[in-house]
Amino acid sequence: MSYGLLKGKKGIISGALDENSIAWKTALKAHEEGASIVLTNAPIAMRMGKINELAEKVNAEIIPADATSVEDLESLFSKSTEVLGGQLDFVLHSIGMSPNIRKGKEYGDLNYDWYMKSLDISALSFHKFMQVAEKLDSLNEWASIVGLSYIAAQRTYPFYTDMADAKAVLESIARGFGYRLGKAKNVRVNTISQSPTPTTAGSGIGGFDSFFDFAEKMSPLGNATGEDCANYIISLFSDFTKMVTMQNLYHDGGYSSTGISEEIIEMMGK
Ligand SMILES: NC(=O)c1ccc[n+]([C@@H]2O[C@H](COP(=O)([O-])OP(=O)(O)OC[C@H]3O[C@@H](n4cnc5c(N)ncnc54)[C@H](O)[C@@H]3O)[C@@H](O)[C@H]2O)c1
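The sequence shown begins at 130 in the numbering used here and counts up one residue at a time.
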């Protein structure tokens, strides 16, 4: 059901790789709620991904950009305002990748070149998005910017290795730019800390199935799905959340506030 929450709004959605992607589900909802959107992803992901299929469904132009390249992002933001016919009301940063995780490196044996890549792709790119958008004056007053995080920024999850550090930086950047853009243009910046979600990025983490099940049993509401997350993102893009900024917002079915659940006690067998 559509509520017209984003009627007349324009924005960029990054990170839609396939139908499991949180960004893919968000693009479908944003379109449903009346927004005009530009889709973007890394050029390499476009070749592998199915983004054209999505673009057709949501009537969007695709502008490729490697999120680590300031030059690509300048082209993304300037072309997007051109294509959409005005400044942006929302931006979704839904980007994450760790070569160390992909190659199974432990936290005590990280390859530092890859570590820098993890940070650049998964965290600094969020800064780059906003620095470019500010310099090009691409954002409308009261625009909303959302990045996606995970609770490993606050608590240690052994298999999340350098992505945990990247998420901590990502959340800090949301505060840094939230202050700056709030003062400048009433723009709000938040991160959503999402439950484990079976996507390409999510399932790439070692032990994903086990910690997905663990989180499911720990959370009184169960894990939040990718679709639930898309709904939450839409609410943050809407005018109903105008005064929410510089927050890391848990979207996890209650996981982050639960010490232990009956299900976990049962599993322990005593
Ligand atoms: N899936 C989970 O369990 C989970 C939980 C919490 C947070 N998140 C976060 O949600 C976000 C979206 O991930 P997802 O789960 O939808 O997985 P996904 O694999 O569908 O999306 C990740 C996207 O990042 C893109 N990307 C990678 N390198 C890039 C680059 N250099 N430039 C531009 N784009 C690049 C990929 O092409 C892909 O589209 C990520 O930030 C992820 O860390 C995921």
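No residue lacks a Cβ here, since even glycine has one placed at the ideal position from N, Cα and C. Keep in mind that this is a model prediction, so the values were computed, not measured.
Ligand 1 heavy atom lying under 7 angstroms from the CB of residue i
| i | result |
| --- | --- |
| Leu-277 | yes |
| Pro-287 | no |
| Ile-250 | yes |
| Met-259 | no |
| Ser-129 | This structure leaves residue 129 out entirely; the chain is present only between 130 and 399. |
| Leu-350 | no |
| Thr-290 | no |
| Met-226 | yes |
| Leu-378 | no |
| Ile-151 | yes |
| Leu-310 | no |
Start and end residues, beta strand (DSSP E) containing residue i
| i | result |
| --- | --- |
| Leu-221 | 217-222 |
Through-space distance from residue j to residue i, alpha-carbon basis
| i | j | result |
| --- | --- | --- |
| Lys-103 | Ile-321 | An answer regarding residue 103 cannot be provided, because it is not within the stretch 130 to 399 covered by the chain. |
| Thr-374 | Glu-270 | 14 angstroms |
| Glu-161 | Lys-154 | 11 angstroms |
| Ala-282 | Gly-336 | 18 angstroms |
| Ile-274 | Arg-176 | 27 angstroms |
| Val-199 | Asp-249 | 11 angstroms |
| Thr-326 | Met-347 | 15 angstroms |
| Tyr-379 | Ala-156 | 21 angstroms |
Residue i, enclosing alpha helix (DSSP H) - first and last residue
| i | result |
| --- | --- |
| Lys-246 | 241-248 |
Residue i (DSSP reduced to helix, strand or coil)
| i | result |
| --- | --- |
| Arg-309 | helix |
| Lys-234 | coil |
| Arg-317 | strand |
**Message:** Measuring CB atoms only, is the region 359-371 touching the region 299-311, in the sense that at least three cross pairs come out at less than 8 angstroms?
**Reply:** no
**Asked** Does the region 391-399 come within contact of the region 286-303, defined as at least 3 CB pairs closer than 8 angstroms?
**Response** no
**Prompt:** Is the region 216-230 close to the region 370-384, with three or more CB pairs under 8 angstroms?
**Reply:** no
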